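Q:
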Amino acid sequence: MSSPTETPIEESLRVAARRFGTPLFVTDLATVDAACAAATAAFPDPIIRQYSVKANDVPAVIARVASQGFGANVVSRGEWALAHRAGVPNARITLEGVGKTPADLRDAVRAAAAGSPLRWIALESPEEAQALALTVRRTRQARLRIDVLYRLNPDVIPETHAGLAVGSGASKFGMTETEIGEAIEAGGGPDGLLRPRGIHLHVGSQLGAVDAWRDAVRKAVAMAALWRGSIETFDTVDLGGGFPVLPADQPSPAPERFARELPAALETVPDDRRPTRLAIEPGRALVARAGWLVARVLHVRDRGGRQVVIDAGMTELIRPALYGARHPIVALTSLGREFVPGAAAGRGAEPARVEGPICESTDSLGTHGLPPLRRGDLVAIADAGAYAASLGSAYNGRPRPPQVMRAPDGSLTVGRRRGSLASLG
Ligand SMILES: Cc1ncc(COP(=O)(O)O)c(C=O)c1O
14 MSSPTETPIE ESLRVAARRF GTPLFVTDLA TVDAACAAAT AAFPDPIIRQ
64 YSVKANDVPA VIARVASQGF GANVVSRGEW ALAHRAGVPN ARITLEGVGK
114 TPADLRDAVR AAAAGSPLRW IALESPEEAQ ALALTVRRTR QARLRIDVLY
164 RLNPDVIPET HAGLAVGSGA SKFGMTETEI GEAIEAGGGP DGLLRPRGIH
214 LHVGSQLGAV DAWRDAVRKA VAMAALWRGS IETFDTVDLG GGFPVLPADQ
264 PSPAPERFAR ELPAALETVP DDRRPTRLAI EPGRALVARA GWLVARVLHV
314 RDRGGRQVVI DAGMTELIRP ALYGARHPIV ALTSLGREFV PGAAAGRGAE
364 PARVEGPICE STDSLGTHGL PPLRRGDLVA IADAGAYAAS LGSAYNGRPR
414 PPQVMRAPDG SLTVGRRRGS LASLG
């Protein structure tokens with residue numbers, strides 16, 4: 014077995030930029046492992062841990078997370094295919110999402126009919142339950158049953174950005190209590206084609222406190238207990254994701270802090286009505302800190318303050334433009350020479366407004382303390398492992414950047430090649 018590297022991450026990022034060009038993503042696999050270990054310690058077996066693939070759908074990343082004891086939670090046939098490519102079997106894949114298409118449902122039913130069912134499908138509406146049941150009936154396999162969860166809209170006020178507060182009552186996600194009853198009926202009730210297994214929940218992303226999550230979990234546990242009274246198979250509560258990864262100067266609850274709320278939530282219902290299967294499906298918390306987006310400086314100008322335009326922006330990392338998210342930025346070189354923060358006398362950090370290269374004024378990464386920079390210098394954007402590449406676009410004719418994996422021994426391998434010009438058209 015190779016030993017852990019002593020090469021600083023900044024050195025690996027410089028090497029990767031020289032070898033593979035910019036912009037590029039580098040994922041530090043040791044950081045992925047550490048994040049998975051923290052989530053596992055907070056939510057140990059027999060809790061089912063599903064990785065929310067939407068956070069980072071690069072198969073090499075999915076495979077690494079899966080190797081740490083996580084299944085895959087997908088929202089489409091596309092994500093399902095990527096999870097397969099990463100080697101995750103159907104038995105460890107769950108399908109959820111407000112946008113499931115007839116083709117998604119059809120493939121899920123086909124997989125079950127072929128004897129390789131997904132672990133479960135989380136439903137979003139009575140209509141979706143009806144459509145899924147019809148798809149099952151069309152197989153004419155009399156014994157075929159699909160395990161389903163019902164996504165609850167918990168109607169809470171999540172402590173997060175409005176754009177990430179999917180658990181609020183007015184959001185498009187999940188069902189009311191009445192709709193869940195209708196969805197169970199639409200699936201044929203306790204002995205129908207859809208086997209009712211429990212409640213699915215997701216309160217929101219980047220939860221800055223545990224209060225809304227706790228309230229939502231209590232609602233989900235209470236509702237599952239209610240249904241368990243009449244449906245024996247109703248044994249599962251999937252708590253969703255949402256564990257935050259915020260800049261270091263913003264304190265935020267760790268997965269363990271959320272887990273601490275669980276025992277009291279379960280005690281609110283009688284012993285024999287408690288879920289016997291609990292699940293989580295974090296995305297960001299497992300991969301965000303592991304990801305770096307490396308870019309080169311294109312222009313340095315004075316615009317009533319220093320302005321630095323780099324070759325990565327909203328096409329690779331849309332979070333600042335979409336949510337006002339802030340990502341730390343560090344210099345890897347300064348005036349063409351290797352830069353080690355704090356080590357070079359006379360090369361101190363001064364504020365610079367960092368802008369992306371896209372023809373949109375909102376393509377801006379905020380003001381950061383950076384050393385002197387000139388065209389060709391390298392910078393790295395931190396915490397870019399989640400909702401960055403997976404939310405990327407080819408706007409302005411920009412092929413997607415390569416994905417480079419940094420193994421714990423420091424070696425670099427390409428997990429996904431840079432997109433070609435041909436891939437644009
Ligand atoms: C249903 C569901 N589960 C899990 C997640 C993962 O959330 P996070 O990456 O914040 O953990 C999301 C994110 O949107 C989601 O919609």
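One gets the numbering used here by counting positions in the sequence shown from 1 and adding 13 to each.
Note that the Cβ used here is the ideal one computed from N, Cα and C, for glycine as well.
Being a predicted model, the structure only gives us computed values, none of them experimental.
1. Kindly identify the DSSP beta-bridge partner or partners of Glu-526.
2. With DSSP as the reference, identify every bridge partner of Asp-443, one or two as the case may be.
3. Quick one: does the C-beta of Ser-218 sit closer than 7 Å to a heavy atom of ligand 1?
4. Put Val-417 into one of helix, strand or coil per three-state DSSP.
5. Taking 5 Å as the limit, name every residue whose beta carbon sits nearer than that to some heavy atom of ligand 1, in sequence order.
6. Expressed to the nearest angstrom, what Euclidean distance is found between the alpha-carbon atoms of Ala-358 and Leu-383?
7. How about the stretch 287-295 and the stretch 247-259: do they share at least three Cβ pairs that are nearer than 8 Å?
8. Apart from the five residues on each side of it in sequence, which residues of its chain come closer than 8 Å, Cβ to Cβ, to Phe-256?
9. On the criterion of 16 or more Cβ atoms from any shown chain inside 10 Å, does Asp-376 qualify as buried, or is it exposed?
10. Applying the 10 Å Cβ sphere with the 16-neighbour rule, what's the burial state of His-312?
11. What's the gap between the Cα of Gly-423 and the Cα of Asp-46?
12. Please confirm if the stretch 134-147 is in contact with the stretch 184-195, defined as three or more CB-CB distances below 8 Å between the two stretches.
13. With distances taken from CA atoms, which of Gly-112, Gly-82, Leu-37 and Arg-31 is nearest Phe-56?
14. Note down, in chain order, each residue of its chain lying with its Cβ closer than 7 Å to the Cβ of Arg-77, except the 5 sequence neighbours on either side.
15. In terms of alpha-carbon separation, which member of Ala-94, Gly-337 and Ser-181 lies closest to Asp-120?
16. Considering only residues of the same chain and omitting the five flanking positions on each side of Leu-157, which have a CB-CB separation below 8 Å?
17. Would you mind working out which of Asp-224, Ala-308, Val-300 and Thr-289 sits nearest Glu-274, comparing C-alpha positions?
18. Am I right that His-215 and Gly-180 are in contact with their C-beta atoms under 8 Å? What's the rounded C-beta distance?
19. Going by Cα to Cα distance, which pick from Pro-130, Asn-69 and Leu-147 is closest to Arg-429?
A: Once the coordinates are examined:
1. This structure does not reach residue 526, given that the chain is present from 14 up to 438, and the question cannot be answered.
2. Because the chain in this structure spans residues 14 to 438, residue 443 falls outside the shown range and cannot be described.
3. Checking every heavy atom of ligand 1 against the Cβ of Ser-218, one is found closer than 7 Å.
4. In the structure shown, Val-417 sits in a strand (DSSP, three-state: E or B).
5. For ligand 1, the selected residues are Ser-65, Ala-68, His-215, Ser-218, Gly-253, Gly-254, Gly-255, Glu-294, Pro-295, Gly-296 and Arg-297.
6. For Ala-358, the pLDDT reaches just 46, beneath the cut-off of 50, and the residue's location in the model is therefore unreliable, although a value from the coordinates is still provided. Taking the straight line joining both Cα atoms gives about 14 Å.
7. Pairwise C-beta distances place the stretch 287-295 in contact with the stretch 247-259, as three or more of them are shorter than 8 Å.
8. Excluding residues within five positions, the ones whose Cβ falls inside 8 Å are Ala-52, Leu-220, Pro-266, Ala-267, Pro-268, Phe-271, Pro-295, Arg-297 and Ala-298.
9. Under this definition Asp-376 is a buried residue.
10. It counts as exposed.
11. When rounded, the distance between both Cα atoms is 14 Å.
12. Touching, per the Cβ criterion.
13. Ranking the options by Cα distance to Phe-56, first place goes to Gly-82.
14. Once the five neighbours on either side are set aside, the close Cβ partners of Arg-77 are Leu-42 and Val-45.
15. In terms of Cα proximity to Asp-120, the closest of Ala-94, Gly-337 and Ser-181 is Ala-94.
16. Counting only Cβ-Cβ distances below 8 Å, and skipping sequence neighbours, we find Val-122, Ala-125, Ala-126, Val-149 and Leu-206.
17. Measuring C-alpha to C-alpha distances from Glu-274 to each of Asp-224, Ala-308, Val-300 and Thr-289 identifies Asp-224 as the nearest.
18. The Cβ separation is near 7 Å, so the contact holds.
19. Measuring C-alpha to C-alpha distances from Arg-429 to each of Pro-130, Asn-69 and Leu-147 identifies Asn-69 as the nearest.
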